[in-house]
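Here the sequence shown stands for residues 15 to 443, numbered as in our numbering.
A virtual CB, placed ideally from N, CA and C, is assigned to each residue, including glycine.
Values in this document were obtained by computation on a predicted structure and should not be read as measured data.
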Amino acid sequence: MEPLRAVKGMNDVLPDECAQWQRVEAAFRRASALYGFREVRTPIVEPTRLFVRAVGETTDIVEKEMYSFRHHDEDLTLRPEGTAGAARAYVEHGVHNAEPVTRWYYAGPMFRAEKPQRGRYRQFYQLGAEIYGDPGPGCDAEMIAMLVAFFEAIGVPDMEVLVNSIGSAEARPKFRDALLAFFEPKRAQLSEESQRRLATNPLRILDSKDPRDQAACEGAPQIADVMSDADKAHFDGLRRLLDALGVAHRVDPKLVRGLDYYTRTIFEIKGAKAKLGAGDTLCGGGRYDGMIADLGGPSVPALGFSAGLDRLVIAAEPAGAESVVDAFVAPLGEAALGSALELARELRSRGVATSADTRGASLKSLLRRANTLGARLVLILGEGEMSRGVVTLKDLAGHAQEEVPREGAAAIVADRLAASGAVRRGEPA
Ligand code: HAM
């Protein structure tokens, strides 16, 4: 049989890397809690039409990147992003009836059939947050400030915050017309993809990476030319508040984003270019004031972001070497195994992460194993110890060794680890 491999673009995260993933996720949960966001968990599979409706029929995601399938008589899709599912849940459960403003966050896998490269995968993970019911721009500024604080906490280097406004839904058709009038005479200079976009979604031409399109975009109309005064005031408000919060940012008039649901504020944060190269967009987001009503809900404004966890793990400061357990119980000979397992259980019930040898080995190799696991203390139970009712306690950091009574051993170890500031992973049961 051919060796079995993971699906292209879908990665295993092995335990050595998981420490860093957990660290980034924990920092995100902490930042979310500090800003009053509560976790929501929605299904990974949703009706296909949810994404067609919310993300937009002419986006890359819906046109060519969705994992869709038919099951019995339902058209279903593995979620390519989290905003549409969260909005569906918000509407379905009538959440607006219970609270005027809702702050939700989520973390989980998303699926897009993109060409895999560093930082771009087919199964990837997003950390996201959404606010419903606040027309801003105060919450727009606060959300960006929260992201910056979160990225700083995990040590993302060379951060750059890009903001733009694409105006409200009323400004969009005017902008579209202005772009059509500008690009139509240059049609032949555009890439094939952008020529097609002229008919479907001319905004996306501004976002193209193709050098022919980038050249053709010189002097293109800007949304600011057709934006209403209210849209402009919203954007000015956001910029003022970001300044007041000390959030350095740059206005990028070319920023358009690849999803159709945005209105007014859009933003992206880039960082760690040296490690990520071209895929250095760590997060993207913005306002989508029309989506909730569009999905059959009330007219409630909304705003959100998603950050790519896979990219953040690469971008963040590397985590120090992980210690797997604090204590290691080393029985020498089969007769000591029962007592060793009982001692390990006592230690764990006191919140000490413990590993006990169950295979049988020499003291030398057991000490080596304890060291590899990062244990601070080793509890040795040999024939002599068993007959005297004691345990030999060895401190791997200080190399000291002493005998302690078997009965009180777990309490002594727990106290010693606590006093030395060694990590105690679990709470006492
Ligand atoms: P997005 O820009 O499509 O926005 O994705 C957000 C982030 O997810 C990107 O900046 C990137 O870090 C990460 N990402 C996207 N695709 C991949 C991939 N194939 N591999 C690895 N990472 C990836 C959204 O998804 C919106 N739902 C954001 C949002 C929330 N807007 C409002 N609320």
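Can you check DSSP and say which residues form a bridge with residue i?
i: Leu90; result: Pro61, Phe83
i: Trp118; result: Arg52, Glu144
i: Tyr302; result: The partner list for Tyr302 (beta bridge, DSSP) is empty, contrary to what the question assumes.
i: Gln137; result: Phe125
i: Arg362; result: Answer is none; Arg362 lacks a bridge partner.
i: Leu18; result: None, per the DSSP bridge assignment.
i: Thr368; result: Ala341
i: Val404; result: Pro419
i: Ala316; result: Tyr146
Using only the heavy atoms of ligand 1, determine whether one of them is closer than 7 Å to the beta carbon of residue i.
i: Glu39; result: no
i: Gln140; result: yes
i: Asn273; result: Looking at the sequence itself, residue 273 is Leu, so the reference to Asn does not match. Yes, Cβ of Leu273 sits closer than 7 Å to a heavy atom of ligand 1.
i: Tyr49; result: no
i: Leu296; result: yes
i: Gly122; result: no
i: Phe65; result: no
i: Thr91; result: no
i: Phe42; result: no
i: Gly322; result: yes
i: Thr56; result: no
i: Gly96; result: yes
i: Phe164; result: no
i: Glu128; result: yes
i: Glu144; result: yes
i: Gly311; result: no
i: Gly133; result: yes
i: Phe319; result: yes
i: Tyr302; result: yes
Can you tell which of the options has the C-alpha that lies nearest to the C-alpha of residue i?
i: Val479; options: Leu351, Thr72, Gly322, Met80; result: This structure leaves residue 479 out entirely; the chain is present only between 15 and 443.
i: Ala143; options: Ala183, Glu166, Met173, Gly99; result: Gly99
i: Arg420; options: Gly365, Ala358, Arg373; result: Ala358
i: Ile306; options: Ile145, Asp26, Gly23, Gly122; result: Ile145
i: Val54; options: Ser82, Arg201, Gly122, Arg44; result: Gly122
i: Ala213; options: Ser320, Leu259, Lys284, Glu198; result: Glu198
i: Ala103; options: Arg278, Ala45, Pro57, Gln140; result: Pro57
i: Lys289; options: Leu90, His85, Glu71, Gln131; result: Gln131
i: Leu161; options: Leu217, Gly233, Leu48, Glu60; result: Leu48
i: Asp414; options: Val392, Arg382, Glu31; result: It is worth fixing the name first, because residue 414 is Ala in this sequence and not Asp. Considering only alpha carbons, the answer is Val392.
i: Asp191; options: Gly150, Pro235, Arg278, Ser320; result: Pro235
i: Glu184; options: Leu90, Gly251, Ser242; result: Ser242
i: Ser363; options: Ala335, Ala423, Leu410; result: Ala423
i: Leu355; options: Glu336, Val177, Val343, Gly260; result: Val343
i: His86; options: Leu176, Phe65, Glu166, Pro61; result: Pro61
i: Met173; options: Ser222, Ala159, Leu217; result: Ala159
Just confirm the distance between the C-beta atoms of residue i and residue j, as a whole number of angstroms; I'd bet it's less than 8 Å.
i: Glu79; j: Ala127; result: 5 Å
i: Ser179; j: Asp245; result: 6 Å
i: Asp395; j: Pro345; result: Per the sequence shown, the amino acid found at residue 395 is Leu instead of Asp. About 5 Å; that satisfies the 8 Å criterion.
i: Ala389; j: Val427; result: 11 Å between Cβ atoms; not a contact.
i: Ala330; j: Leu361; result: About 32 Å; that fails the 8 Å criterion.
i: Leu317; j: Ala155; result: Contact doesn't hold; Cβ gap of about 11 Å is too wide.
i: Ala93; j: Phe125; result: Looking at the sequence shown, residue 93 is not Ala but Arg. So it is a contact: roughly 7 Å between Cβ atoms.
i: Asp308; j: Arg67; result: 7 Å
i: Arg136; j: Lys22; result: 7 Å
i: Thr277; j: Gly304; result: 6 Å
i: Gly347; j: Glu397; result: 6 Å
i: Val69; j: Glu95; result: 7 Å
i: Gln209; j: Arg218; result: At roughly 12 Å, the Cβ-Cβ gap does not stay under 8 Å, so Gln209 and Arg218 are not in contact.
Within 10 angstroms of the Cβ of residue i, are there 16 or more other Cβ atoms? Answer buried if so, exposed if not.
i: Glu441; result: Because Glu441 sits at a pLDDT of 47, beneath the cut-off of 50, its placement in the model cannot be relied upon, and the point is left open.
i: Asn111; result: exposed
i: Asn385; result: exposed
i: Thr73; result: buried
i: Leu18; result: exposed
i: Val332; result: This sequence places Pro at residue 332; Val is not what is there. Its Cβ having fewer than 16 others within 10 Å, Pro332 is exposed.
i: Ala443; result: Low confidence applies here, because Ala443 scores a pLDDT of 39, under 50, leaving its location unreliable; read the following figure in that light. When all chains shown are included, Ala443 counts as exposed.
i: Asp371; result: buried
i: Ser376; result: exposed
i: Ser369; result: buried
i: Glu16; result: exposed
i: Lys378; result: exposed
i: His248; result: buried
i: Ala286; result: buried
i: Glu399; result: buried
i: Gln140; result: buried
i: Gln34; result: buried
i: Arg211; result: buried
i: Glu88; result: exposed
i: Lys408; result: buried
i: Leu28; result: exposed
i: Phe138; result: buried
i: Arg52; result: exposed
i: Pro114; result: exposed
Beta-carbon of residue i versus every beta-carbon of chain B: anything under 8 Å?
i: Ala432; result: Absent from the structure is chain B; it holds one protein chain and no more.
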